[in-house]
Amino acid sequence: MSYDNSEDLINRFISKFGEDELNKLLLSRLTEDSVLTIIGNEGVHSVPPQYLHGEIFVASRGNLDFSDETSIKCEYKKVLEELFAKLNERSWKQVYFVPTGHTTLALQIKQLVYHVLRQSTVDLFYSKGTYIELDMDYRELVSKATHNKQSQSDA
């Protein structure tokens, strides 16, 4: 199938899938390839742009309904289902995480990323005006601990 010009092709795409889908497609091609930054909750805290890598995914916005256990579980389920869909869109080489929002939601997000992708996130740490990207190598930590435990039992 051929088209006379790019404008015709773009218009057909928008007619079939919508402008938002076109924007997502173009943005994903123009950003860092296969890199995702997850913002736990967008709202009060702004994140300096140098810590936003690749495609940006906002897991939640503003205040969530934490009025009772059922509401909390419903809110978390909605957030995690949307994140699950995002994680399965493609093969992500690196995932950065800005753990804003409620602590238990941040824990759930980090755990879901690991369960789906089998990789740890690079987490943005903030304290007293300073940002640090924490990239913890858990495999190395576990390997060393296992080796040390084995060495102690051999002695």
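Everything in the sequence shown is counted per our numbering, starting at -5 for the first residue and increasing by one.
Positions of the beta carbon are idealized from the N, C-alpha and C atoms, including for glycine.
Cβ atoms of residue j and residue i: under 9 Å apart, would you say?
{"i": "GLU158", "j": "ASP59", "result": "This structure does not reach residue 158, given that the chain is present from -5 up to 149, and the question cannot be answered."}
{"i": "THR94", "j": "ASN35", "result": "yes"}
{"i": "LEU77", "j": "ILE32", "result": "yes"}
{"i": "SER114", "j": "TYR108", "result": "yes"}
{"i": "LEU81", "j": "LEU99", "result": "no"}
Taking only three categories from DSSP, how would you classify residue i?
{"i": "THR31", "result": "strand"}
{"i": "SER121", "result": "strand"}
{"i": "GLU83", "result": "coil"}
{"i": "ARG55", "result": "strand"}
Whole-angstrom Cβ separation of residue i and residue j, contact assumed at under 8 Å?
{"i": "VAL116", "j": "GLU127", "result": "5 Å"}
{"i": "ALA53", "j": "ILE8", "result": "Rounded, the Cβ-Cβ distance is 27 Å, inconsistent with contact."}
Does the ligand NAP have even one heavy atom less than 8 Å from the beta-carbon of residue i?
{"i": "GLU134", "result": "Summarising the ligand content, the structure contains no ligands, and the ligand NAP is consequently not present."}
Between the Cα of residue i and the Cα atoms of the options, which residue gives the shortest distance?
{"i": "GLY37", "options": "SER121, GLY56, SER28", "result": "GLY56"}
{"i": "LEU111", "options": "GLU63, GLY12, LEU30", "result": "LEU30"}
{"i": "THR124", "options": "LEU20, ASP27, LYS10, PRO42", "result": "PRO42"}
> Below 8 Å, can you find three or more Cβ-Cβ pairs linking the stretch 77 to 95 to the stretch 31 to 49?
Replying inline: yes
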